[in-house]
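Per my numbering, the very first residue in the sequence shown carries number 15; after that it's consecutive. Glycine residues also receive a C-beta, built at the ideal position from the N, C-alpha and C atoms. Model, not experiment: these values are computed from the prediction.
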Amino acid sequence: MKFNLLKGALFLISLFSFTTSQAQYGLEVNYGLNGVFEPSINNLSHFGAGLTYDFDETYGLKLDFASDKFRTDILKLDEKTGVDITRISIQGTANISSLITRASSHDFFNLIAHGGAGYSLVKSSLGGGNDNLVNVIGGLTPRFRITDGLFFAIDTSVVFNISQHYNFDGTLAYTDAVNSFTGITYNVTGGIIYKFNEY
């Protein structure tokens, strides 16, 4: 009995060591353009950061944080108003280059797809309460290798904020009856990715 328990423990330790040696942790930061289509707003006010965990050269996970500010002119108030959105999401990642051509993450170029969901906090510059939302996000990240473990990335993402109650100009989406909508935003950013260990 003791021998079987010892064998099982050794097997689990070996399995953990193998998966850990194959895994790769990373950090990423990005900055750039954000926008919405209606009303037409775009600003260079997106900041994002994330922790990545790659199971292998093809699949992984990403926990990311983002902060976006949207401002537009409201003629009747004669000032710029809008919303600030803070987001945290967990996403799955897939190396499209590796899936299609069996490319290596060591190659100069890789195309990464990502998608997932999380929590968004929307605050209006006009005051009022906070809007607590569920977000759904998806995007593509062309990634260029600079040197061992270091990459330059250009990310394009679309975020859907489910049941948003503030318009992007900061006003409420309703007057009497409570009304909500799906707020759609986009990001086009440049950034740096650092991987802590190589495969």
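- With respect to ILE198, PHE51 sits close: the two C-beta atoms are nearer than 8 Å.
- Take the alpha-carbon of ALA63 and the one of GLY74: they are about 16 Å apart.
- In this structure, DSSP gives THR161 an extended state, which the three-state scheme calls strand.
- For LEU135, the secondary structure class from DSSP, reduced to helix, strand or coil, is strand.
- Between LEU58 and GLY46, the CB-CB gap stays under 8 Å.
- Judged by pairs of C-beta atoms under 8 Å, the segment 156-163 does not touch the segment 176-195, as fewer than three such pairs exist.
- Here the C-alpha atom of TYR188 lies approximately 19 Å from the C-alpha atom of VAL148.
- THR196 counts as exposed, since fewer than 16 other C-beta atoms from the protein chains shown sit within 10 angstroms of its C-beta.
- Looking at the backbone, the Cα of SER138 and that of LYS76 are separated by about 28 Å.
- When DSSP states are grouped into helix, strand and coil, SER54 belongs to the coil group.
- By the CB criterion at 8 Å, TYR200 and GLY40 fall outside the cutoff.
- When secondary structure is reduced to three states using DSSP, THR199 falls in the strand class.
- Contact annotation: GLY152 and GLY129 have beta-carbon atoms nearer than 8 Å.
- A check of alpha carbon separations from PRO156 across GLY204, VAL173, VAL172, LEU140 identifies GLY204 as the nearest.
- By alpha-carbon distance to ASN109, the top candidate from PHE158, ALA131, PHE79, VAL150 is PHE158.
- Inside the segment 56-91, DSSP marks whole beta strand (DSSP E) runs of 3 or more residues at positions 73-88, from first to last along the chain.
- By the neighbour-count criterion, in which a residue is buried when 16 or more other Cβ atoms sit within 10 angstroms of its Cβ, THR115 is exposed.
- THR115 is bridged by DSSP to nothing; it lacks a bridge partner.
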